[in-house]
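Some notes on the structure that comes next.
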Amino acid sequence: MMTGLAIGLVLGVTVWWVLIQRLKDKPWERQGVIEGSQDGLTSSAPKVGLWVFMAMVASLFLIFNGAYLMRMGFGHGELVGWVPLDEPGILWLNTFVLVAASGAMQTATGAARKGDLGALRTWFTAGGVLSVVFLAGQLLAWQQLAATGRYGVSDPAYSFFILLTAIHGLHLVGGLVVLGRTAAQVWRGLDTENVVAAGTIRQTVRLCTTYWHFLLLVWLGLFTQLSIT
Amino acid sequence: MAYVAIADRDHHLHDPDTFITKYIWSQDHKVIAIQYGVVAIGVGLIALALSLLMRLQIGFPDVFSFMTPYNYYQYVTTHGMIMVIYLLTALFLGGFGNYLIPLMCGARDMVFPYMNMLSFWVYLLSVIVLITSFFVPGGATGAGWTLYPPQAILDGTPGADWGIVLMLVSLAIFIVAFTMGGLNYVTTVLQARCRGMTLMRMPLSVWGIFVATILGLLAFPALFVAAIMMTLDRMIGTSFFMPALLALGETTDTTGGSPILFQHLFWFFGHPEVYIVALPAFGIVSDLLSTHARKNIFGYRMMIWAIVAIGALSFVVWAHHMYVSGMNPYFGFFFATTTLIIAVPTAIKVYNWVLTLWRGDIHLNLPMLWATGFIFTFIHGGLTGLFLGNVTVDLPLSDTYFVIGHFHMVMGVSPVMVLFGAIYHWFPKITGRMPNDVLGKIHFWMTFLGTYAIYLPMHYLGILGMPRRYYDYGQTDFIPDSALGVNQGITIAAIVVATAQLIFLINVALSLWKGKRADSNPWRATTLEWQTPDTPPKHGNWGPKLPEVHRWAYDYSVPGDEADFIPQNHPIKPGEESLRVAGASRK
Numbered sequence: 166m167m168t169g170l171a172i173g174l175v176l177g178v179t180v181w182w183v184l185i186q187r188l189k190d191k192p193w194e195r196q197g198v199i200e201g202s203q204d205g206l207t208s209s210a211p212k213v214g215l216w217v218f219m220a221m222v223a224s225l226f227l228i229f230n231g232a233y234l235m236r237m238g239f240g241h242g243e244l245v246g247w248v249p250l251d252e253p254g255i256l257w258l259n260t261f262v263l264v265a266a267s268g269a270m271q272t273a274t275g276a277a278r279k280g281d282l283g284a285l286r287t288w289f290t291a292g293g294v295l296s297v298v299f300l301a302g303q304l305l306a307w308q309q310l311a312a313t314g315r316y317g318v319s320d321p322a323y324s325f326f327i328l329l330t331a332i333h334g335l336h337l338v339g340g341l342v343v344l345g346r347t348a349a350q351v352w353r354g355l356d357t358e359n360v361v362a363a364g365t366i367r368q369t370v371r372l373c374t375t376y377w378h379f380l381l382l383v384w385l386g387l388f389t390q391l392s393i394t
Numbered sequence: 383m384a385y386v387a388i389a390d391r392d393h394h395l396h397d398p399d400t401f402i403t404k405y406i407w408s409q410d411h412k413v414i415a416i417q418y419g420v421v422a423i424g425v426g427l428i429a430l431a432l433s434l435l436m437r438l439q440i441g442f443p444d445v446f447s448f449m450t451p452y453n454y455y456q457y458v459t460t461h462g463m464i465m466v467i468y469l470l471t472a473l474f475l476g477g478f479g480n481y482l483i484p485l486m487c488g489a490r491d492m493v494f495p496y497m498n499m500l501s502f503w504v505y506l507l508s509v510i511v512l513i514t515s516f517f518v519p520g521g522a523t524g525a526g527w528t529l530y531p532p533q534a535i536l537d538g539t540p541g542a543d544w545g546i547v548l549m550l551v552s553l554a555i556f557i558v559a560f561t562m563g564g565l566n567y568v569t570t571v572l573q574a575r576c577r578g579m580t581l582m583r584m585p586l587s588v589w590g591i592f593v594a595t596i597l598g599l600l601a602f603p604a605l606f607v608a609a610i611m612m613t614l615d616r617m618i619g620t621s622f623f624m625p626a627l628l629a630l631g632e633t634t635d636t637t638g639g640s641p642i643l644f645q646h647l648f649w650f651f652g653h654p655e656v657y658i659v660a661l662p663a664f665g666i667v668s669d670l671l672s673t674h675a676r677k678n679i680f681g682y683r684m685m686i687w688a689i690v691a692i693g694a695l696s697f698v699v700w701a702h703h704m705y706v707s708g709m710n711p712y713f714g715f716f717f718a719t720t721t722l723i724i725a726v727p728t729a730i731k732v733y734n735w736v737l738t739l740w741r742g743d744i745h746l747n748l749p750m751l752w753a754t755g756f757i758f759t760f761i762h763g764g765l766t767g768l769f770l771g772n773v774t775v776d777l778p779l780s781d782t783y784f785v786i787g788h789f790h791m792v793m794g795v796s797p798v799m800v801l802f803g804a805i806y807h808w809f810p811k812i813t814g815r816m817p818n819d820v821l822g823k824i825h826f827w828m829t830f831l832g833t834y835a836i837y838l839p840m841h842y843l844g845i846l847g848m849p850r851r852y853y854d855y856g857q858t859d860f861i862p863d864s865a866l867g868v869n870q871g872i873t874i875a876a877i878v879v880a881t882a883q884l885i886f887l888i889n890v891a892l893s894l895w896k897g898k899r900a901d902s903n904p905w906r907a908t909t910l911e912w913q914t915p916d917t918p919p920k921h922g923n924w925g926p927k928l929p930e931v932h933r934w935a936y937d938y939s940v941p942g943d944e945a946d947f948i949p950q951n952h953p954i955k956p957g958e959e960s961l962r963v964a965g966a967s968r969k
């Protein structure tokens, strides 16, 4: 609780400071077109859209996190039937696979920047395949937990485990849809005649990579929390 | 890297050519705005009808045999949920957000038009799911609009079989729709403004909608989380919210769940939701007052600060809805303090609105009437909020009609006042026709006075101790017989106000059919949407060239200028600087 408040305070002060920089303009005193101001639709719009979306997803997982802690009873778990879960070891392997997926995506972005089509194809596809492996690993983890037969549906730690991994997995699936479509374009080739389309593909590859890093971060936070509670 | 060349290309990426792509599967923000508006108003009329049915029961108990307790609770629940989410949120953000953001920022469309289109259709789906819940076995849920577990999902509550699940699913779908729209609104404001349109030159309408959307994107996930977890509790028997309990004489399988956790989640969304509705209203009303008082908005910069501050504070006040929930009493002190702090930026806004009117050249036309009406209703609703924000005063008033009076005044009537003002204000731009003035004024006075006749007596009933949510009051000693008389009066006033809304519909139909043709800028306003080459604006909004902004949005009655307004896209005139300085020193 106190940590949350402290983080909130630091965030608040930061936002406040940034806003002061932006909001101290006196528009009624300044006429004319302001040089250096934005000029119609910018090319970074998809990037900004993605960051706004990630802020929303972060909010979703933070709120889940809050609900998780409250349901745990803030250390009074015995009163509310909270029994720590025995997480299957395969989660470590899955984590490693997701880290590898993120790394592959990063390499793909580098290849796209350099215009190395072969490397882009390889690493971008590898990122997708590794992510599917991660998802399969998560399903396996579910199966292993269910196979122990120790957990009923009303067990809160168990249902939170399934729910949180499912929500995280669904976000990855959403990313995979975009990745699949982009991969199809990449395999068709970065057509040098159509510069705009090639630029768009490069941008999408970059945005996919950002999203993958984000989901990796979310998973690392999630995994830590699930493991220690 | 700016590629205005692409934005200005002749062949726009999604030029509509058939009737279907133009008006149904449209990606044009203006058509989507109208689609949102029509569906939201349609579903709002259903909620209005439901409120009348409730009022008939409270005013005249035992007269209408079709009003059973079962139906009553269904109507209460659906009325509240529709009004707050499917009408107000959808109309302000999906409707006005969609229409105004690109036009006021000087953009051709939203940044992601396809997603914008999906947003509307997913919203429509959520409405259909919600309405379907009336026709499934057991009917719609009667859990109250707050859907508190455990009762919301226990047998004995209306709609505990299917209604509650459909309600939760519908909310989740709505949130998906909102996300797709919201990403568009935020990104368009940040990334698609025309040349010269800095953030600090945007009209306050856009600021209000912008910050409200950010609030929505951060707060709706809480409702989403709550909806998912409660659906699982209901469908497969998890115990997120369900404690071990005895229901209808039998113990349930659930253990240890936390009903208060649901309340925290619900209100962590629920309170920002108040401002998701209020901030666009604040922004829009600022523009209406400034335009129709022919005066620049008082304290433009402070207005933005206030919007941002209210938005930030709205995340740390949620538990003032939960003083009687049994949470840690120290929380009450914290949340009462933050609640009173949020009154400061809100009061700044109210003072600035009044000071904008001060010595203005007030044109009491339709938009202005509604805007001034809003100042009245918002002050009254806001003041009763100070009562309820304090723990000791809230405890006896909690769950009485005082609360109903308060929140209807502050977040029901007030935003609706702005909505009507905004509809009358932008009607000429949206349709190319002027609304009928006489019908509009009858509509205003019946609604304005009528809502006072409804909600002022409710405060009195609440102080008497009349509890809310009751189907019938029966033999209660502490409620005098006169309360029934008051309730009858309220019901009659409610019927009158509902009738007035028919006048509005007639006005819209009549004006569309043979209203006076509007020129492109009938209110002589400064903001960009009034400077489009066509009225209503065509696809792409601006013709061949994007506008260029040279000044802020409030150059009304500039000293020394013969017209009493200078549009944002008008370049500086020779000598204008010195005139301004002279005008300033004269003051």
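Sequences listed follow chains A and B, in order.
Counting from 166, one number per residue, gives the positions in the first sequence under the numbering used here.
Counting from 383, one number per residue, gives the positions in the second sequence under the numbering used here.
All C-beta atoms, glycine included, are put in the ideal place defined by N, C-alpha and C.
Remember, predicted model here, so these are calculated numbers, not experimental data.
Inset, instruction - For B:Thr-782, write down the residues that DSSP places opposite it in a beta bridge. - result: B:Pro-849
Inset, instruction - Let me know if B:Glu-632 comes out buried or exposed under the rule of 16 or more other beta-carbons within 10 Å of its beta-carbon. - result: exposed
Inset, instruction - Taking only the alpha-carbon atoms, compute the straight-line gap between B:Thr-881 and B:Tyr-834 and give it to the nearest angstrom. - result: 15 Å
Legend entry - Residue closest to B:Val-589, alpha-carbon to alpha-carbon, out of B:Gly-541, B:Pro-495, B:Ile-658 and B:Gly-545: Strictly speaking, residue 589 of chain B in this sequence is Trp, with Val absent from that position. Ranking the options by Cα distance to B:Trp-589, first place goes to B:Ile-658.
Inset, instruction - Could you tell me whether the Cβ atoms of B:Asn-498 and B:Gln-417 are closer together than 8 Å? - result: The criterion of a C-beta distance shorter than 8 Å is not satisfied by B:Asn-498 and B:Gln-417.
Inset, instruction - With distances taken Cα to Cα, identify the nearest neighbour of B:Ala-604 among B:Met-582, B:Phe-644 and B:Leu-572. - result: Just measuring C-alpha positions, the residue of B:Met-582, B:Phe-644 and B:Leu-572 sitting nearest B:Ala-604 is B:Phe-644.
Legend entry - Cα-Cα separation, B:Ala-387 to B:Lys-920: Note that B:Ala-387 scores 39 on pLDDT, short of 50, meaning its location in the model is unreliable; the coordinates nonetheless yield the value given after this. Whole-angstrom Cα-Cα distance: 20 Å.
Inset, instruction - Find the residues of chain B that neighbour A:Ala-210, judging by a C-beta separation of less than 7 Å, and give them in chain order. - result: Val-493, Thr-569, Gln-573 and Ala-574
Legend entry - Residues in the segment 669-682 of chain B having any Cβ partner in chain A nearer than 9 Å: Asn-678 and Tyr-682
Legend entry - Contacts of B:Trp-934 in chain A (Cβ-Cβ under 7 Å): Under the 7 Å cutoff, chain A gives Pro-192 and Trp-193.
Inset, instruction - Give the secondary structure of B:Tyr-938 by DSSP, where H, G and I count as helix, E and B as strand, and everything else as coil. - result: strand
Inset, instruction - Would you mind sorting B:Tyr-455 into buried or exposed? The rule is 16 or more other CB atoms within 10 Å of its CB. - result: buried
Inset, instruction - Report yes or no: is there a C-beta of chain A within less than 8 Å of the C-beta of B:Trp-687? - result: yes
Legend entry - The alpha helix (DSSP H) enclosing B:Leu-765, as first and last residue numbers: 748-771
Inset, instruction - With B:Gly-545 as the anchor, note down where its alpha helix (DSSP H) starts and where it stops. - result: That run of the alpha helix (DSSP H) goes 545-573.
Inset, instruction - Ignore the nearest five residues each way along the sequence and tell me which others in B:Ile-757's own chain have a CB closer than 6 Å to its CB. - result: Trp-735
Legend entry - CB contact flag (B:Met-449, B:Leu-435, <8 Å): B:Leu-435 is positioned such that its CB atom lies closer than 8 Å to that of B:Met-449.
Legend entry - chain A contacts made by the segment 701-713 of chain B, where a contact means CB separation under 7 Å: none
Legend entry - Partners in chain B for A:Phe-326, counting only beta-carbon separations shorter than 9 Å: Those within 9 Å of A:Phe-326 in chain B number zero; the least Cβ separation is about 12 Å.
Inset, instruction - Could you tell me which of B:Phe-760, B:His-745, B:Ala-694 and B:Ala-718 sits nearest to B:Ser-672, measuring between CA atoms? - result: The candidate whose alpha carbon is nearest that of B:Ser-672 is B:His-745.
Legend entry - Beta-carbon gap between B:Met-492 and B:His-411 smaller than 8 Å: yes
Legend entry - Strand pairing of B:Ala-629, partner residues [DSSP]: In the DSSP output, where bridge partners are listed per residue, B:Ala-629 has B:Glu-632.
Inset, instruction - Report yes or no: do the segment 837-845 of chain B and the segment 782-801 of chain B share at least 3 C-beta pairs separated by less than 8 Å? - result: yes
Legend entry - Test: B:Val-593 CB closer than 8 Å to a CB of chain A: For B:Val-593, the answer is no, since every Cβ of chain A falls outside 8 Å of its Cβ.
Legend entry - Exposed unless 16 or more other CB atoms sit within 10 angstroms - verdict on B:Thr-400: With fewer than 16 Cβ atoms within 10 Å of its Cβ, B:Thr-400 is classed as exposed.
Inset, instruction - Report the option in B:Leu-536, B:Phe-717 and B:Ala-688 whose CA atom is closest to the CA atom of B:Leu-630. - result: B:Leu-536
Legend entry - Start and end residues, alpha helix (DSSP H) containing A:Trp-247: In the DSSP assignment, A:Trp-247 falls outside any alpha helix (DSSP H), carrying neither H nor E.
Inset, instruction - Taking only beta-carbon positions, decide if B:Arg-583 is within less than 8 Å of chain A. - result: By this cut-off, B:Arg-583 is an interface position.
Inset, instruction - With DSSP as the reference, label B:Glu-930 as helix, strand or coil. - result: strand
Legend entry - Coil, strand or helix - B:Thr-595 by DSSP: helix
Inset, instruction - Closer than 7 Å by beta-carbon distance: list the chain B residues that pair up with A:Gly-229, in chain order. - result: A small fix is needed here, since residue 229 of chain A is Phe in this sequence, not Gly. Within 7 Å Cβ-Cβ: Val-607.
Legend entry - Length of the line joining the Cα atoms of B:Asp-901 and B:Asp-916: 9 Å
Legend entry - Contact belief for A:Met-235 with B:Ser-640 at Cβ below 8 Å, rounded distance in angstroms: 6 Å
Legend entry - chain A contacts from the segment 939-954 of chain B (Cβ-Cβ distance under 7 Å): Ile-954
Legend entry - Distance between A:Ser-209 and B:Gly-771 (C-alpha atoms, nearest Å): 43 Å
Inset, instruction - Quickly, what does DSSP pair B:Arg-815 with across the bridge? List them, please. - result: B:Arg-899
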